[in-house]
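Yeah, the sequence shown ends on 577 if you go by the working numbering, and it's all consecutive.
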Amino acid sequence: MERKSEFGGKGNGLVWLAQNTDLGYDVPQFEIIDTSFYEQFKGQSQTPQRLEEKCRELSQKFSGRAVSVRSSGVVSEDNDRFSGAGIYETFFLESMQLTPQSLHDSVLKVYSSVDSERAVQYRKEAGLGNEKMAVVVQEIADGENGVFMSRLPARAGIIPASWSRTIGAVVQGDTESEVHRAFFALTKDGYKLMFLDESSPYTEATNLGNRLVPLTQRLKERYGKEFEAEFSYNPKNEKLSMLQIRPLTNVQDKEVKFPDKEPIFTAELCMGVGEYIGLMVTPGGNTNPVRKFWDEPNHYAFVTPRLEKTIQRGFGGLGSLLGKGDDFALDYDLLTPGKKAIVLTHQALPGMHAMTVANEKGILCLARECNKLGDDELIHRYGVDRGYIMEMLGGSTLLDSPKFDIPLEEVGKYIHVVSDGLRGHVYRATEEEAREFEKRMLGDERFVVSEISSPYGGELADKFWDWEFKIKPQTALVSYQTVCQDFVEHMRRVSGKRFRLNVSPANNSYELTHPSSEFEVFYAHFDPEKRDEGIFFATGRGVSDISDKETTRQWFQQFVDRVKNPDYKPQVEEY
């Protein structure tokens, strides 16, 4: 079989592999449904009979065997610039499931994924045109399935490999399956096994390294470029099969300097080289600080735990802000515009789609790792998850990750992410670094403040007056609670402290009351249900000898002027 453009990226990679099996591997039997079938499908209101006949033919050809049905895009998959990793759908059919109808349905689902929101967004961001889709139908080889690279994208001389008995576990970053990982460092005498997972069998990793390392050298020489490949390895008979090969994107070698301070998070796996200082965003957290920066490039670091469906329910405002709904969580690597760094506080693997796309787009990607022990128990190595990062940033301990109950003031912290492609650290950003970021992004508008107004008029206004204004914080350096508390403490100071101060942080309210009058109240409050709007209310009303309507308005105005000052810092006491 000769390579053809109508076979798509994945299909042509397989054809190349099949033409070079003399390098020391097998290629499971495969067939390619070329792009002409897709073009015919797009041009008709009904499924072409030709496609139905092709599926009938292939179901007979692969009868009694399990197969994978995989996308093979011409425009955005497996080329020198774009990997398209995880953009389109892949389906697996067990031997008993393989029928002309099931194969036909799987092919149509691959076709449908071309127009998915995820795929359209990916092509749009990459400046790519309309896709032409081929489909690869391939026998599933028996054994461990995995991914290896000819080198780390940011570090030559190290070959990373990940593998699992569960099909698709590596590329999807599946934390529910047992996944093994190893790094093979090239030496003049061969290679040295390094960073082997505690759960990974040493003998199996060594045997795999004995096959992969020399094969990598031979493949690279003939392929002519750095690459990423999927493989299947049977440890019983040591049979090695190649399933896919594609160019490794964004390969770079450069030096970075790590700050001379203690990190709050150390990654076990990194993609990308460089550093980022700026806003941190977490699932389920307050997205108001992000809104101001949304159209700006490279404006935040995304910190998240393992990629499970529980995250979908935790994205809240961030997901709705993007209009992605529940699918947003699983597509975070593709559909979060403007991020500069990703910190996965749970499992990640070198070949998982999220890291491949992150590397392709020049996004720093740092990850911890977790290993599955039982059906419901996940052991976090070093006992570190997202809650740890929040603690180190000065917040309280988080509840269990799947709940995503993040107190509002803990969201929007600033961090400093550094990666050299092998090591990755997250540091607490200094106040100066954070202020510099906000100055660049916000200018002097750290808060949006409405005009002071009163709902009353006429005679009623002279007897019962009520001033009100709203503040919408754009900054992530000052919490809503702190501004509310600062307001009532300001009013207490300017009034000569002749009011009783009632602080109820649990109810998000702070108020001053006059000891002899139930009508004299100064009150600040924010509504957690409207936290994405970033609104809190401040009112003053009453009749007393302490203040009159105009004096109170002046006190309000003094606070508004303070908040509008670019150098505003709350003056609050601890309770």
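Each residue gets a CB set at the ideal place from its N, CA and C atoms; glycine is no exception.
Contact check for Tyr113 against Phe32 fails: the beta carbons are separated by 9 angstroms or more.
Nearest Cα to Arg153 within the set Val116, Leu217 and Glu96: Leu217. The bridge partners DSSP lists for Phe558 come to none.
Rounded to the nearest whole angstrom, the CA to CA distance from Thr484 to Ser511 is 11 angstroms. The criterion of a C-beta distance shorter than 9 angstroms is not satisfied by Ala68 and Val149.
The beta-carbon distance between Gly280 and Lys363, rounded to whole angstroms, is 17 angstroms. This is too long to meet the 8 angstroms contact definition. Taken atom to atom, the span from the alpha-carbon of Arg120 to that of Gln246 is near 22 angstroms.
Fewer than three Cβ pairs drawn from the stretch 43–56 and the stretch 266–277 lie within less than 8 angstroms of each other, which leaves the two stretches out of contact. Annotation for Ala231: the continuous beta strand (DSSP E) segment containing it runs Phe229 to Asn236. Excluding sequence positions up to five before and after Pro568, its CB lies within less than 6 angstroms of the CB of Asp446, all in the same chain and listed in chain order. Restricting attention to Lys12, Glu433, Val562 and Val480, the CA atom closest to the CA of Val451 is found in Val562. Apart from the 5 residues on each side of it in sequence, Ser78 sits with its Cβ closer than 7 angstroms to the Cβ of Phe84, Gly86, Ile89, Tyr124, Arg125, Ala128, Leu130 and Glu133 in its chain, given in chain order.
In terms of Cβ geometry, Lys6 and Asp28 do not form a close pair [threshold 9 angstroms]. With respect to the 9 angstroms criterion, Phe94 and Ile169 are classified as neighbours on the basis of their beta carbons. Going by DSSP, Pro265 is part of no alpha helix (DSSP H) at all; its letter is neither H nor E. Here the alpha carbons of Asn212 and Phe186 stand approximately 10 angstroms from one another.
A distance below 8 angstroms between beta-carbons, with the five flanking residues on each side excluded, links Ile454 to the following residues of its chain, in chain order: Trp469, Glu470, Phe471, Arg555, Phe558, Gln559 and Val562. For Asp422, the enclosing beta strand (DSSP E) has its first and last residue at Tyr416 to Asp422. Scanning the stretch 86–140 for uninterrupted alpha helix (DSSP H) segments of 4 residues or longer gives 102–115 and 119–128, listed from N- to C-terminal end. Of the other Cβ atoms in all chains shown, fewer than 16 fall within 10 Å of the Cβ of Val258; this residue is therefore exposed. When the beta-carbon positions are compared, Glu228 and Met151 come within less than 9 angstroms of each other. Beta-bridge partners of Met196 (DSSP): Phe185. Under DSSP, no beta-bridge partner is assigned to Asn567. Proximity to Glu141 across Ala158, Gln62 and Leu214 peaks at Gln62, based on C-alpha coordinates.
The Cβ atoms of Arg157 and Asp422 sit closer than 9 angstroms to each other. In the displayed model, Pro216 falls within a helix according to three-state DSSP. In the same chain as Leu503, and ignoring 5 residues on each side of it, the C-beta atoms closer than 7 angstroms to its own belong to Val490, Arg494 and Leu514, in chain order.
By the Cβ neighbour-count rule, Val122 is exposed, with fewer than 16 other Cβ atoms within 10 Å of its own. Closest option to Tyr482, judged by alpha-carbon separation, among His527, Val215 and Glu438: His527.
For Thr251, the number of other beta carbons within 10 angstroms of its own is at least 16, and it is reported as buried. Secondary structure at Asp24: helix, using DSSP grouped into helix, strand and coil. Rounded to whole angstroms, the gap between the alpha carbons of Glu59 and Thr101 is 10 angstroms. The Cβ-Cβ distance between His418 and Tyr278 falls below 9 angstroms. Around the beta carbon of Asn147, a 10 Å sphere encloses 16 or more other beta carbons of the protein chains shown; the residue is thus reported as buried.
If you draw a straight line from the Cα of Val116 to the Cα of Val137, it is about 12 angstroms long. Contact between Ala143 and Pro30 is confirmed by a C-beta separation of about 5 angstroms, below the 8 angstroms threshold.
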